[in-house]
Amino acid sequence: MKWFMVKYIYQIVCSEGNYNTQFDEQFRLMQAPDINDAFRKAENQADGFQLPFKNCIGELVTWKFICVADIHEVQIPADGVEVTSILHEPEDITAFLNAIEQRKLFLQQQIQCENKNQDRNT
Numbered sequence: 028m029k030w031f032m033v034k035y036i037y038q039i040v041c042s043e044g045n046y047n048t049q050f051d052e053q054f055r056l057m058q059a060p061d062i063n064d065a066f067r068k069a070e071n072q073a074d075g076f077q078l079p080f081k082n083c084i085g086e087l088v089t090w091k092f093i094c095v096a097d098i099h100e101v102q103i104p105a106d107g108v109e110v111t112s113i114l115h116e117p118e119d120i121t122a123f124l125n126a127i128e129q130r131k132l133f134l135q136q137q138i139q140c141e142n143k144n145q146d147r148n149t
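Heads up: the sequence shown at position 20 corresponds to 47 in my numbering, and the numbers run straight through without jumps.
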């Protein structure tokens, strides 16, 4: 068996809320004998990774599978092994850094929502 990194693309759909359209690129590791089997396995499992949930204000959030966008064979996974690397050469450095800051803030909000959900469940 070989290891493959699979890039999935999903559209995030949030109830009837008035939100900007968001797409989620997910990189997942999977085992398969070859790249053809990895692709078939990736497509077959795509709908099972993201379960719908309610966000902090009670709206249903779902992921709509768009496609498997990329597959690469990787070395045997180990602590700290590089899975992917992306080189950026932005024309607008300020806009790029602002986008990174927005992603950081979004992550912090996700963690806060998760903490609230855990508090409710205890």
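Built from N, CA and C at the ideal position, the CB exists for glycine as well.
If you look at residue 140, you'll find it isn't in any beta strand (DSSP E); it sits in the alpha helix (DSSP H) that goes 120-148. Ranked by Cα distance from residue 133, the options 95, 82, 94 and 112 are led by 82. Exposed is the label assigned to residue 108, since fewer than 16 other Cβ atoms lie within 10 Å of its Cβ. Pairing residue 144 with residue 137, the inter-Cα distance amounts to about 10 Å.
Looking at the DSSP output, residue 94 shares a beta bridge with 36. Closest in alpha carbon position to residue 64, among 116, 100 and 111, is 100.
A contact between stretches requires three or more CB pairs, one per stretch, nearer than 8 Å, and the region 31-50 meets this requirement with the region 92-106.
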